[in-house]
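Residues in the sequence shown are numbered consecutively from 1, following full-length UniProt numbering.
Input: a single structure, listed below in structure tokens.
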Amino acid sequence: MDSSGQFVVSLDFELHWGRFEKVAGRRADQYYRNTLENIPHILGLFERYGIRATWATVGMLMAENVKEWRTYMPDELPLYTKSKYSAYAWFLSHDFPKEFLFAPQMVEQIIAVPGQELGSHTFSHYYGCEPGQTAQQFRADLQAAKRIAMDKFGLDLTSLVFPRNQLNEFYLPVCAEEGFTCVRSNPKDWFWQDTYRETWAKKAFRTADTLFPIGGRNSYVPDFCPSHPALPLQLPASRFFRPHHPGRGILNHWRLSRIILEMTRAARFGETYHLWWHPHNFGHHPQQNLRDLEAILQHFQFLHESFAMQSRNMRDFVAEAQLEPQRTPRSETSFVISPSPEQPRKLSRANREPTGGSACPPWRGEI
1 MDSSGQFVVS LDFELHWGRF EKVAGRRADQ YYRNTLENIP HILGLFERYG IRATWATVGM
61 LMAENVKEWR TYMPDELPLY TKSKYSAYAW FLSHDFPKEF LFAPQMVEQI IAVPGQELGS
121 HTFSHYYGCE PGQTAQQFRA DLQAAKRIAM DKFGLDLTSL VFPRNQLNEF YLPVCAEEGF
181 TCVRSNPKDW FWQDTYRETW AKKAFRTADT LFPIGGRNSY VPDFCPSHPA LPLQLPASRF
241 FRPHHPGRGI LNHWRLSRII LEMTRAARFG ETYHLWWHPH NFGHHPQQNL RDLEAILQHF
301 QFLHESFAMQ SRNMRDFVAE AQLEPQRTPR SETSFVISPS PEQPRKLSRA NREPTGGSAC
361 PPWRGEI
């Protein structure tokens, strides 16, 4: 991989499969209708500005209808201790508009655009750190996700995003055995670790970090990504692209400015910046969110012209990282460098597990 900066984009495409246990009793028809209408506009912006992106898609969403959904169900289903996390239990007990659950035509539109990678968000929006489920059930879920993608679109999925960012490091060998070469991991900050154990403090710090530099440096040299020859490359997220909210006034501007400053720093010093969000995050106030996205992509175009910053999806990143020798970041004089990803910061008592990924308790992930 050359010394220019890398701009990686990944989107978690899930529709209601990613929210069913949070808003099970509420209908949000216009929200999802806006989401589906926005995706072609997002694709148009990506094509206009030369953006290559990974669309980590829930496998269930690829089904045409309930009959096909049943056809691809794995033999082993996740047996969560809390059944509310099971997409199967929810679906069989709720009558929800099918157009907000199944969208294979939208997947066809996505993969028809140059540079768009179809990735996996598991088959069932699988929670890899919740009690009750096992590695074998996780494996069956991945196999179902790969099977439906291959059968319907002729694509072999190689990039994976763990739902709710519940990256279970004990499951990485399973991912590798099932053909996944790259997974998105979490930022190193304590408030992004152990996402299966959410607290108000973590949420508050994550929100504040959107506006102010509370966390550590979130761009990185590719060689700093946790990797092992037998395991998928872990590609850390840098920033969640939070949606526009009309009631937040100048905070919306600060949110965008923070992303633009972080992108600029990554471009100047040949580092990687990984931006992610859900398509449904644009479900409210879609026009303003699309304008905000275009502002970011226009800035990428400036960085590409000024610093040769390159757009990469997750598959591109892995392919190039495997070919290039290790390198060191460019020297830096105008910024104070926070601890590098390979040198985790000393943990507070609130974070008793090591940084570098959310490793779930071993008893949940034995294989």
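Note that the Cβ used here is the ideal one computed from N, Cα and C, for glycine as well.
Nothing here was measured: the structure is a model prediction, and the numbers come from that model.
Short Cβ contact (8 Å threshold) for residue i with residue j
i: I296; j: I250; result: no
i: N289; j: P246; result: no
i: A280; j: T35; result: Checking the displayed sequence, the identity of residue 280 turns out to be His instead of Ala. In contact: H280 and T35 (Cβ atoms closer than 8 Å).
i: G128; j: Y80; result: no
i: L275; j: V9; result: yes
i: L61; j: L118; result: no
i: Q287; j: Y49; result: no
i: R52; j: R239; result: no
i: E271; j: V221; result: yes
i: F46; j: V107; result: no
Outcome for residue i when other beta-carbon atoms lying within 10 angstroms are tallied against a minimum of 16
i: Q30; result: exposed
i: E78; result: In the sequence on display, residue 78 carries Pro and not Glu. With 16 or more other Cβ atoms within 10 Å, it is buried.
i: N186; result: buried
i: S120; result: buried
i: L11; result: buried
i: A140; result: buried
i: E14; result: buried
i: residue 450; result: Only positions 1 to 367 of the chain appear in this structure, which leaves residue 450 out of reach.
i: Q137; result: buried
i: K146; result: buried
i: E306; result: Correcting the residue identity first, residue 306 is Ser in this sequence and not Glu. So S306 ends up on the exposed side.
i: M150; result: exposed
Of the residues the options, the one placed nearest residue i, counting alpha carbons only
i: L233; options: I42, T264, S219 and P173; result: P173
i: W90; options: Q301, H274, H253 and H16; result: H16
i: P74; options: M106, F123 and G50; result: F123
i: R291; options: L11, S83 and H253; result: H253
i: A56; options: R312, Q287 and W277; result: W277
i: G44; options: L157, I110 and D316; result: I110
i: D316; options: L293, Q116, H228 and K152; result: Q116
i: N65; options: F153, A103, N38 and A112; result: A103
i: G18; options: E76, R164 and K188; result: R164
i: A144; options: R312, E178 and N38; result: E178
i: A135; options: I42, F170, Y273 and Q105; result: F170
i: W105; options: V318, I39 and F241; result: According to the sequence provided, residue 105 is Gln. The question's Trp does not apply to it. Of V318, I39 and F241, the residue nearest in Cα terms is I39.
i: A28; options: K82, R70 and F96; result: F96
i: E68; options: K98, E47 and S83; result: K98
i: F282; options: F269, F241 and L157; result: F241
i: H299; options: H228, E320 and R258; result: R258
i: A237; options: Y273, H228, P229 and A230; result: Y273
i: L101; options: M314, R33 and E320; result: R33
i: S3; options: F269, E294, T181 and M314; result: F269
Close Cβ partners of residue i (< 8 Å) along its chain, the five nearest in sequence each way excluded
i: L303; result: G5, F7, M263, T264, A267 and M309
i: V183; result: S159, L160, V161, F162, L167, L172, C175, P232, L233, Q234 and L235
i: Y85; result: E21, P78, Y127 and E130
Same chain, Cβ closer than 6 Å to residue i, five either side skipped, listed in chain order
i: I148; result: G59, M62 and Y72
i: H284; result: none
i: S83; result: A89
Residues near residue i in its chain [Cβ-Cβ closer than 7 Å; skip 5 each side]
i: H125; result: E14, W17, G18, V58, A87 and P163
i: H41; result: L290
i: F153; result: V107, I111 and L118
Residue i CB to nearest heavy atom of the ligand HEM below 7 Å
i: Q288; result: Questions concerning the ligand HEM fall outside what the structure shown contains, since it holds no ligand whatsoever.
inquiry  = Suppose only complete runs of 3+ residues qualify. What are the beta strand (DSSP E) ranges in the segment 24-79, listed by chain order?
reply    = 53-57
inquiry  = What ranges does the alpha helix (DSSP H) occupy inside the segment 218-296, keeping only unbroken runs of at least 4 residues that lie completely in it?
reply    = 250-268
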